[in-house]
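Following this note's numbering, the numbering of the sequence shown begins with 3 at its first residue and continues without gaps. We put the CB at the ideal spot given by N, CA and C, even for glycine. Report on the structure given below.
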Amino acid sequence: MNLTSKKWLRLSAGALFVAVASIGIYLDFTKAYRFEAAGTITEAVWNTGNHQMSLFRIRGDDGTETVLHHHRVILTADQIKKGDRFEKESRSYDCTINGVRVRCVR
């Protein structure tokens, strides 16, 4: 099959688009898994307007604020609240809340 340069260019552009889109989707999917923070929960909001996802703001010991807002977070209102001590290491499905290790990412 003899491809003209225009056809080859279209096929290459399409393949590149699919590859870049796939990487973007994968990075978003693993964002909660790669999330890392340690500090105090300053805000815990349940069922936000953004697809009913929970939102957590964590103030680090150095004063920086980190936000955990992802559809793969599975914490419940019984597990975490404002004022709790929160720790999560990158590449872990578990987090520690007030010294208790719980599963927080599916």
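*Mind checking whether isoleucine 43 and aspartate 86 have CB atoms under 8 Å apart?*
The count along the sequence shown starts at 1 and reaches residue 43 at position 41. The count along the sequence shown starts at 1 and reaches residue 86 at position 84. Yes, Cβ-Cβ distance for isoleucine 43 and aspartate 86 is below 8 Å.
*For the 8 Å Cβ check, are there 3 or more pairs between the segment 90–105 and the segment 32–42?*
Under the 8 Å Cβ criterion, the segment 90–105 counts as touching the segment 32–42, having at least three qualifying pairs.
*Give a yes or no on whether the C-beta atoms belonging to valine 104 and aspartate 96 are separated by under 8 Å.*
Counted from its first residue, the sequence shown places residue 104 at position 102. Counted from its first residue, the sequence shown places residue 96 at position 94. Closer than 8 Å, so yes.
*Cα-Cα separation between lysine 9 and isoleucine 82, rounded to whole angstroms*: In the sequence shown, the residue the question calls residue 9 occupies position 7. In the sequence shown, the residue the question calls residue 82 occupies position 80. Straight-line Cα distance between these residues: approximately 55 Å.
*If you compare alpha carbons, which of Gly16, Ser7 and Thr32 is closest to arginine 108?*
Numbered from its first residue, the sequence shown carries residue 108 at position 106. Looking at Gly16, Ser7 and Thr32, the one whose alpha-carbon comes closest to that of arginine 108 is Thr32.
*Exposed or buried, what is isoleucine 27 when buried is set at 16 or more other beta-carbons lying within 10 Å of its beta-carbon?*
Walking along the sequence shown from the start, residue 27 turns up at place 25. With fewer than 16 other Cβ atoms within 10 Å, it is exposed.
*Grouping DSSP H, G and I as helix and E and B as strand, with all else coil, what is lysine 90?*
Taking the first residue of the sequence shown as position 1, residue 90 is located at position 88. Strand at lysine 90.
_What does DSSP give as the partner residue(s) for leucine 11 in the beta ladder?_
By 1-based counting over the sequence shown, the position of residue 11 is 9. In DSSP, leucine 11 forms no bridge with anything.
*Taking C-alpha atoms, which residue in Thr6, Asp63 and Gln54 lies nearest to threonine 78?*
On the sequence shown, residue 78 is found 76 positions in, with the first residue counted as 1. Considering only Thr6, Asp63 and Gln54, the residue with the shortest C-alpha distance to threonine 78 is Gln54.
*For asparagine 100, which residues of its own chain have a beta-carbon under 8 Å away from its beta-carbon, when the five flanking residues on both sides are left out?*
On the sequence shown, position 98 is the one that residue 100 refers to. Here the set comprises Asp86 and Arg87.
*Return helix, strand or coil for alanine 79, following the three-state DSSP convention.*
Numbered from 1 along the sequence shown, position 77 holds the residue referred to as residue 79. In this structure, alanine 79 counts as coil in the three-state DSSP scheme.
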